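Enquirer: Input: one structure, supplied below.
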């Protein structure tokens, strides 16, 4: 199909059919919403897996209530009488991580928010390659379906952690790992196509007057994150392909010489290296952390700038800091591998880069914090989530420091401390930003507000329960509880009662507290889910196209935006956050507002 | 509303969208093959003593393939230049030549694959190794037929450089004498595993290139008469991809053939 057909000149009233409009759409807004629904559904599913695991940890060996029979029907021997077996626990652990990172959080940030907002915020009519955009979504969906399908094959899904470390991942005799690898190849391809699209859009399709330093901070963060996806994902694709070759042809690129499985020599030529996988994996997976956090910072910056009614403090520093973050993030990967026996010189190098990377993160966070000073803050739901992001992300970041030093990492490696640390970054950090973003842009997408009261219930409940879940994990980890024990450590604690380094009762009791936290967190998501759907019909209608009195371009077009976003190409005259500019009658000056005060040329 | 700069160059970046898109895609491809070549290096450096083979590839065939790809790089360029000078006939000629050269490359590559996959290393119970192409492997017979030679052990077979071929003869080996039977596939050792992985992925890229060029040569070339600039751009971006694929081969050839 040629371009003019795909984009009928305006004035033509030929409505595309349902399939073309909602299923095979090439409109970046529809694709963004498709990404949004799909990734949030995956997030709920990943959360559900975690719920079952928390039950097993708190009540090891007891049947899972309500869905025990269902588990037995699907997983047969792995869930006899509805009890989670260690194998099933491993499957759920691996799939919880995979789904949350690759199918939920990254797609919701880059696929949903990135797709919907980046073209509008730069003043473009669509992404640079609309059909490629559709294809990214389809690759993503297909990869997700392959992952889900693996739950129903004999032997169940992959069970070697989201990191899929060989040799374990290669010697597990079931097919789950093959599905995982194939699914990953599709998901990675989807990310690559999506990031090519976002980068090209930002470079090529900026509206007249939209210079680089007039881009909203959110666009900058998406831009840097897209570069990370573009350049860091391919090594994992390479690793995935090699592991697939190992798995399917019986080669041994990741299997060492002399490997024994269950006491017998493994049928492999040997000579390979499990560490090679770790290098290739973490070369992606550390930059991935910044793909998870940068767009979240962008969303938070947009919400904060709008609700403090003054310009962001240090916008330029934030832009340069995000570029520095992107650059440094590819130089820190081996801090996940201090225990592999690397030399002290290499460990020192990666410690140094790891400490350096905390500087730009702190710059961004500090700028946001100082921005609050002297603002007349509006405490609406999106703002509450954005404000909570700051201390929550700070806890996540600061608890990372002891993991970045190789000496303290020796003790903390692979304990619940690590789980607590990165969940603080991703759950009350990134996911709070996602929630805030949904409440903030919902009026633009639908023309109605989400319910404010239930929004606040959702916020305070989530804030409370997130901390109930993750704060105890830090203590458990420091007490020495390892992260992959399918019985929550009870056998270990019982067999070593009274000895130094065992797990005391207080630590074990926390498992139950965390379970209640998880149940509470599940309950407070119900008002959110209902709020999203009910507000579409019943929510308070927006009074105009710019209900939050915002400055960036997405608020200067109709609600919801027209299919090509702007009826007339916007011309940008000013920076993104001109709030309370002296001399203007209103406390916000949209980017499209011509400079008519003391007209200088 | 059309998307701007689909064929026109944006003044401040000097690029049209497709060209930037392809360059970004190639950047990710560099990282993909970079990851694989790093894996090659890592495996080779870390290989246990006396396990990494040398001279197992046919240098003549590798050289022919290198020349074929180098020529195809020239023909893609000439095809694009023909469009720039508005000579559609010349484009058709050089486009066809590119496709034929690429197909010839794949033909030679598949011959090499077949040669490796029918080549067997047979570990005998007495410690010796029989090495050669399988002639007959009838499940019902109590022997196999191999065209090759005997070696004292597998290590002796590792260096295939400059020794001249040992005399090949038909070997009849009783099944009862065989300890294990393995072909020169990825499972034999890591050299072959990474060889098949990298050249396999490279071959998929060649195949992708053939499909794109065939489309631009056949049904897709109608665009020349409606949107000549866009069509020329398409040929240019396809050519960029093709040059990258050629470049990967320039690394593959020394790493696997000349070592």
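Chains as they are written, first to last, in the working numbering: chain A, 1 to 601; chain B, 1001 to 1259. Positions of the beta carbon are idealized from the N, C-alpha and C atoms, including for glycine. What you are looking at is a predicted structure, and each value in this text was computed from that prediction instead of being measured.
Is residue 273 of chain A close to chain B, meaning its C-beta is less than 8 Å from at least one C-beta of that chain?
Expert: With 8 Å as the cut-off, residue 273 of chain A counts as an interface residue toward chain B.
Enquirer: Cutting at 6 Å between CB atoms, please list the residues of its own chain near residue 1012 of chain B, excluding the five before and the five after it.
Expert: Correct list: empty, nothing qualifies.
Enquirer: Does DSSP put residue 571 of chain A in a helix, in a strand, or in coil?
Expert: coil
Enquirer: I'd like to know whether the C-beta of residue 557 of chain A is nearer than 8 Å to at least one C-beta of chain B.
Expert: Cβ-Cβ to chain B under 8 Å: no for residue 557 of chain A.
Enquirer: By the 10 Å Cβ neighbour count, where 16 or more other Cβ atoms means buried, how is residue 1087 of chain B classified, buried or exposed?
Expert: exposed
Enquirer: So with Cβ pairs under 8 Å, would you call residue 280 of chain A a contact of chain B?
Expert: yes
Enquirer: Check distances from the C-beta atoms of the stretch 1173-1191 of chain B to those of chain A and list, in chain order, the residues that come in under 7 Å.
Expert: 1185, 1186, 1187, 1188, 1189 and 1190
Enquirer: Using 8 Å as the limit for Cβ to Cβ distance, is residue 570 of chain A near chain B?
Expert: Judged by the 8 Å Cβ criterion, residue 570 of chain A is not in contact with chain B.
Enquirer: Less than 8 Å between C-beta atoms, sequence neighbours within five positions excluded: which residues of the same chain meet that for residue 1037 of chain B?
Expert: 1198, 1251 and 1255
Enquirer: Which whole-angstrom value describes the C-beta separation of residue 100 of chain A and residue 157 of chain A, a residue pair presumed to lie in contact below a C-beta threshold of 8 Å?
Expert: That belief does not hold up - the Cβ atoms of residue 100 of chain A and residue 157 of chain A are roughly 14 Å apart, past 8 Å.
Enquirer: What does a CB cutoff of less than 8 Å around residue 592 of chain A pick up in its chain, not counting 5 residues either side in sequence?
Expert: 553, 556, 570, 571, 572 and 573
Enquirer: Starting from the C-beta of residue 109 of chain A, find all residues in its chain whose C-beta is less than 6 Å away, skip the five residues before and the five after it, and write them out in chain order.
Expert: Cβ neighbours of residue 109 of chain A beyond the five flanking positions: 295.
Enquirer: Who are the Cβ neighbours of residue 1257 of chain B in its own chain at under 7 Å, not counting the five residues just before and after it?
Expert: 1057, 1059 and 1062
Enquirer: Would you say residue 200 of chain A lies against chain B (beta-carbon separation less than 8 Å)?
Expert: yes
Enquirer: Considering only residues of the same chain and omitting the five flanking positions on each side of residue 12 of chain A, which have a CB-CB separation below 8 Å?
Expert: Note on residue 12 of chain A: pLDDT 44, under 50, position unreliable in the model; no value is reported.
Enquirer: What in chain B is Cβ-close to residue 203 of chain A, meaning under 7 Å?
Expert: 1013 and 1020
Enquirer: Please list, in chain order, all residues of the same chain as residue 343 of chain A whose beta carbon is under 7 Å from its beta carbon, the five residues on each side excluded.
Expert: Closer than 7 Å at Cβ, skipping near neighbours: no residue.
Enquirer: Considering only DSSP beta bridges, list what residue 261 of chain A is partnered with.
Expert: In the DSSP assignment, the residues bridged to residue 261 of chain A are A/264.
Enquirer: Classify residue 65 of chain A: buried if its beta carbon has 16 or more other beta carbons within 10 angstroms, exposed otherwise.
Expert: exposed
Enquirer: At the 8 Å Cβ level, is residue 253 of chain A part of the contact set with chain B, yes or no?
Expert: yes
Enquirer: Are the C-beta atoms of residue 1003 of chain B and some chain A residue less than 8 Å apart?
Expert: Closer than 8 Å to some Cβ of chain A, the Cβ of residue 1003 of chain B qualifies, so yes.
Enquirer: Name the residue from A/471, A/375 and A/355 whose alpha carbon lies nearest to the alpha carbon of residue 419 of chain A.
Expert: A/471
Enquirer: Could you please tell me which residues of the stretch 1035-1052 of chain B, in chain order, have their CB closer than 8 Å to any CB of chain A?
Expert: 1035, 1036, 1038, 1039, 1042, 1043, 1046, 1047, 1048 and 1051
Enquirer: What residue from A/520, A/222 and A/496 has the CA that sits closest to residue 326 of chain A's CA?
Expert: For residue 326 of chain A, the nearest C-alpha among the options comes from A/222.
Enquirer: Going along the chain, which unbroken runs of the alpha helix (DSSP H) with 4 or more residues stay wholly within the stretch 423-500 of chain A?
Expert: 432-446, 452-478 and 490-495
Enquirer: Per the contact definition of three or more C-beta pairs closer than 8 Å, is the stretch 356-366 of chain A in contact with the stretch 315-335 of chain A?
Expert: yes
Enquirer: Return the Cβ separation of residue 482 of chain A and residue 414 of chain A in integer angstroms, given the expectation that the two are a contact with Cβ distance under 8 Å.
Expert: 6 Å
Enquirer: Which bits of chain A does residue 1197 of chain B rub up against, with CB to CB less than 7 Å?
Expert: Under the 7 Å cutoff, chain A gives 241, 242 and 245.
Enquirer: Quick check on residue 1 of chain A - is its C-beta less than 8 Å from some C-beta in chain B?
Expert: In this predicted model, residue 1 of chain A has a pLDDT of only 33, less than 50, meaning its place in the structure is not dependable; the value taken from the coordinates is given anyway. Cβ-Cβ to chain B under 8 Å: no for residue 1 of chain A.
Enquirer: What three-state label does DSSP hand residue 1147 of chain B in the structure shown?
Expert: In the three-state scheme derived from DSSP, where H, G and I count as helix and E and B as strand, residue 1147 of chain B is classed as strand.
Enquirer: Which residues does DSSP pair with residue 1180 of chain B in a beta bridge?
Expert: B/1123
Enquirer: Is the distance from the Cβ of residue 1040 of chain B to the Cβ of residue 1144 of chain B below 8 Å?
Expert: no
Enquirer: Find the residues of chain E that neighbour residue 1154 of chain B, judging by a C-beta separation of less than 7 Å, and give them in chain order.
Expert: Protein chains A and B are contained in the structure displayed, whereas chain E is not.
Enquirer: Name, please, each residue of chain A whose Cβ falls closer than 9 Å to the Cβ of residue 1025 of chain B.
Expert: 192, 193, 196 and 230
Enquirer: When the Cα of residue 1204 of chain B is compared with those of B/1081, B/1124 and B/1103, which residue comes out closest?
Expert: B/1103
Enquirer: Listed in chain order, which residues of the stretch 15-43 of chain A have Cβ atoms closer than 7 Å to some Cβ of chain B?
Expert: none
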